[in-house]
Structures are given as C-alpha cells and as structure tokens.
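Going by UniProt numbering, the first residue of the sequence shown is number 11, and it counts up by one from there.
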Amino acid sequence: THFGFETVPLTQKQSRVDEVFANVARRYDIMNDLMSGGLHRAWKNAFVTELDLPRTARRFALLDVAGGTGDIAFRALKRGGHGVQVTLLDINGPMLEVARERAAHRNLSDRIEVVQGNAESLPFPDGSFDAVTIAFGIRNVPRIPLALQEFRRVLKIGGRFLCLEFSEVTVPGLAKLYEAYSFNAIPRIGQWVAGDGEPYRYLVESIRKFPDGLSFASMIEEAGFDRVSHTPLTGGIAAIHRGWKL
Ligand code: SAM
C-alpha cells in the first residue's frame with residue numbers, strides 16, 4: 011500500500027504479533043500501566059464514554075475487536091445499562107483466556123461473549139452490532155483496509171465505529187521526549203518485566219509506522235464510513251477516530 015507497512019510479508023507480520031501477545035498475555039495489564047504511566051486508563055475511559063451507551067435496559071450490541079484481556083469490554087459493561095451485551099473478539103488464545111478469567115471473577119460471564127477470530131474476516135452476519143470498537147489493535151492487523159470493511163459490514167445501519175490507537179505527536183517538545191522514551195525506556199521496561207526487550211522494539215516500531223491522524227481518517231472513509239472525524243489525545247500520542255454506517 012502507499013502507507014508502506016507491508017514491508018514484511020503479511021503472514022509473517024501476523025505470526026510475529028501473535029507471538030508477542032501470547033508471551034505477554036499474563037503480564038499485559040501491568041505492562042500497560044508501567045509503559046504508559048497509567049495514561050492508557052484515561053484514554054480508555056474517554057473512549058468508552060464516547061460510545062454513549064444506554065443506561066437503561068435497552069438492548070445494545072457492542073463488538074470489541076482485538077479486545078485482548080477486556081479493558082474496553084469491562085469498561086462498557088460497567089458504564090452501560092443491563093441491555094449492553096459485549097462480544098469480545100481477539101485472534102490470540104492466551105489473551106482471551108485472561109479475558110475469560112477476568113469476566114468470571116467479576117461475575118460478568120453472562121454479559122460478555124468471548125470469540126477467537128481475525129479482524130480481517132469477522133465470523134458474524136452483516137448488520138449485527140450497534141457499535142464496533144477497536145483499541146490499540148488496528149495497528150497490529152496486517153490488512154487494515156480489509157478489517158475496516160469488515161467493521162462496517164457487521165454494523166447495523168446507524169451504527170458507529172470507534173477506534174483508539176497511537177497516533178502522531180504534534181507538539182514539538184513532546185515529540186522529542188516521546189521518541190526518546192519509546193525507543194529507550196519501553197524496550198528496557200520490557201526486558202525488565204518480561205525478560206525480553208525485542209518484542210517491545212517491534213511494537214514501538216509499529217507505532218512509528220502507523221499513519222498520522224488525517225491519513226488514517228481517509229482510510230476509514232475509503233472503507234465507506236460516513237461523518238469520519240478524529241481527536242488527538244495527550245498531544246497526539248493517541249487518537250480517537252470515529253465513523254458511522256449510514
Ligand atoms: N484492546 C485491548 C486493550 O486496549 O487493552 C488489547 C490491545 S493489544 C495492544 C492488541 C490486541 O490485538 C492483542 O490482543 C492481539 O492479539 C490482537 N490482534 C492482533 N492481530 C489481530 C487480528 N488480526 N485480529 C484480531 N485481533 C488481533
């Protein structure tokens with residue numbers, strides 16, 4: 011593609027990603043806190059607030075793609091009313107196992123369905139969901155345009171798509187700081203907590219390669235979404251992108 015993230019073969023990219031998350035699954039939550047200084051919590055809260063979930067018993071079907079250990083799913087269940095039903099999909103067995111344990115621990119197993127699957131080919135019929143979310147996941151998907159089309163396909167007419175992902179830091183002073191932090195500190199924290207810095211070098215690299223906010227917004231438009239917009243968070247370290255299926 012013209013974004014140039016297909017420099018490694020697609021299947022190789024996915025298996026690299028799978029290996030990273032299978033190895034880190036048990037330490038994934040603590041790692042997020044350490045590496046983001048807790049910032050990911052604020053971003054995820056802002057993200058779920060945007061979903062505008064019904065607080066009543068009205069039914070609302072949410073699909074959280076690349077849902078991992080369930081950070082978005084559990085926030086949605088906590089925030090929304092009893093009609094909110096979450097389907098958490100991820101490609102990675104070990105990450106889903108942690109999600110299932112967390113669900114059982116919170117007595118939420120009946121309101122969350124955990125599905126192993128690929129974002130590029132979703133195992134759901136057209137028009138199944140009121141909203142589709144993906145948080146810090148789209149960057150890992152080898153064929154992003156395919157995944158975006160799938161998200162739109164499984165949405166109901168009038169449904170919304172929300173994406174939370176790392177973006178491009180636009181504040182000059184912060185950009186330098188952030189670069190130094192991610193290239194040095196993040197692999198070091200990985201080495202220290204998980205015993206291996208290499209996978210984190212790969213993740214930092216994938217963040218650097220991911221398109222800036224405007225380019226990603228046009229990819230979302232190309233997938234057929236309407237009223238596409240985006241908002242940077244914390245000087246552009248992350249961003250929320252949105253689109254509607256109208
Ligand atoms: N959404 C969670 C969160 O915000 O904490 C997890 C994000 S984690 C950084 C990225 C997740 O994407 C991993 O759980 C990984 O298994 C998943 N993933 C990677 N490629 C995928 C694919 N092709 N389809 C579905 N999930 C995928």
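Note that CB positions come from ideal geometry on N, CA and C, so glycine has one too.
Beyond the five residues adjoining it in sequence on each side, residue 233 comes within less than 6 Å, by CB distance, of 158, 159 and 162 in the same chain, given in chain order.
At the C-beta level, residue 176 and residue 252 stay beyond 9 Å of one another.
Contact between residue 123 and residue 97 holds: CB atoms are separated by about 5 Å, below the 8 Å threshold. In this structure, residue 148 sits away from residue 35, with a CB-CB distance that is not shorter than 9 Å.
Judged by the Cβ position, residue 96 fails to qualify as a neighbour of ligand 1 at the 8 Å threshold, every heavy atom of the ligand being at least this far. Set against 8 Å, the gap from the CB of residue 82 to the closest heavy atom of ligand 1 is smaller. For the region 43-106, the continuous beta strand (DSSP E) assignments of 3+ residues that do not extend past its boundaries occur at 70-75 and 94-100, in sequence order. Comparing alpha carbon positions, the residue from 227, 245, 248 and 247 closest to residue 238 is 227. In this structure the region 133-140 touches the region 66-76; the number of beta carbon pairs closer than 8 Å is three or more. Set against 8 Å, the gap from the CB of residue 102 to the closest heavy atom of ligand 1 is smaller.
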